[in-house]
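**Student:** What follows is a single structure, and I will ask about it in a moment.
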Amino acid sequence: MILQPLPPGRDLPAPLLTELTALYASHRDFLALSGDLPDPDDVRPEQVAALLADELVHPGAEVLLARSGGRLVALVITLSRHPDPADPDPWIGLLLVDASEQGRGYGRRVAGEVEERFRAAGRRAVRLAVLDGNTSGLAFWTALGYEVVDHRRDHALGRPCAVLRKVL
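74 is the number of the first residue of the sequence shown in the numbering used here; add one for each residue after it.
Spelled out as structure tokens, the structure:
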């Protein structure tokens, strides 16, 4: 599996944007829960491009694409630090594995590679937030050794979530 950074800007090549749109669209239930898009049954390329461009404007943000056999199987968004200056840890902002590829270990591999990147950069722990109601997401992250350390509303949209942390 190869992790590659997404190029900055909204002008993504059409074939890549098609892949990214299909990846997001494969997560209808998550999109309905998150409210990130107006209609989770109608995911449009321009919406996905805007979401990703909005992520990349944050200092220290990175969007990484995971490919296996040339096919896009996952996307992960990381932050070198949270916008809250009291929070010293890097964050995993989002991990999406193509729904048709779930259960094949891609999520675990991507999470492990992200953790290794942070570890190599001298970071000692990583955090993430799981939206309330995302029981499969919570089960996934706790199975990887993440522990719930807080319950609060997310920074961006005020949605209730659990904050998890893993010591690296």
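Backbone N, C-alpha and C fix where the C-beta goes; we use that ideal spot for every residue, glycine too.
1) Secondary structure at leucine 241, three-state DSSP: helix, strand or coil?
2) Within 10 Å of its beta-carbon, does valine 221 have 16 or more other beta-carbons around it, so buried, or fewer, so exposed?
3) Nearest by alpha-carbon distance to alanine 184: which of Phe213, Thr208, Val130, Arg196 is it?
4) Check whether the stretch 108-123 and the stretch 84-97 are in contact - that is, three or more C-beta pairs closer than 8 Å.
5) Quick test of the definition: if touching needs 3 or more C-beta pairs under 8 Å, does the stretch 193-206 touch the stretch 123-142?
6) Based on the DSSP secondary-structure assignment, which residues constitute the bridge partners of alanine 123?
7) What did DSSP end up calling valine 146 once you bin it into helix, strand or coil?
8) Starting from serine 141, follow the beta strand (DSSP E) in both directions and report where the run begins and ends.
9) Can you tell me which residues form a DSSP beta bridge with leucine 164?
10) Assuming the contact rule is C-beta atoms closer than 8 Å, glutamine 77 and leucine 137 should be a hit. Round their C-beta distance to whole Å, please.
11) Proline 158: buried (16+ other C-beta within 10 angstroms of its C-beta) or exposed?
12) Verify whether the separation of the beta carbon atoms of leucine 168 and alanine 147 is less than 8 Å.
13) The alpha helix (DSSP H) with leucine 76 in it runs from where to where?
14) Roughly how far, in whole angstroms, is the beta-carbon of serine 209 from the beta-carbon of tyrosine 179, given that I think they are within contact range, below 8 Å?
15) Closest to arginine 225 by CA distance: which of Asp114, Glu188, Leu104, Asp205 is it?
16) With a cut-off of 8 Å on the beta carbons, I'd call tyrosine 219 and leucine 241 a contact; round off their distance for me.
**Tutor:** Answer, in terms of the structure:
1) In this structure, leucine 241 counts as coil in the three-state DSSP scheme.
2) It is exposed - the Cβ of valine 221 has fewer than 16 other Cβ atoms within 10 Å.
3) Considering only Phe213, Thr208, Val130, Arg196, the residue with the shortest C-alpha distance to alanine 184 is Phe213.
4) Using a C-beta cut-off of 8 Å, the stretch 108-123 makes contact with the stretch 84-97, since at least three inter-stretch Cβ pairs fall below that distance.
5) Between the stretch 193-206 and the stretch 123-142, the count of C-beta pairs closer than 8 Å stays below three; the two stretches do not touch.
6) DSSP, once it has assigned bridges, lists no residue as partnering alanine 123.
7) In this structure, valine 146 counts as strand in the three-state DSSP scheme.
8) Serine 141 -> beta strand (DSSP E) spans 134-141.
9) It should be noted that the sequence gives tryptophan, not leucine, for residue 164. For tryptophan 164, DSSP records a beta bridge to Leu152, Arg200.
10) Confirmed, Cβ separation roughly 7 Å.
11) Classification for proline 158: exposed.
12) The beta carbons of leucine 168 and alanine 147 sit closer together than 8 Å.
13) No alpha helix (DSSP H) contains leucine 76, which is instead part of the beta strand (DSSP E) from 75-78.
14) Distance from serine 209 to tyrosine 179 at the Cβ level is roughly 15 Å; contact not present, criterion being Cβ atoms closer than 8 Å.
15) The option with the nearest alpha carbon to arginine 225 is Asp205.
16) Tyrosine 219 to leucine 241, Cβ: 11 Å. No contact.
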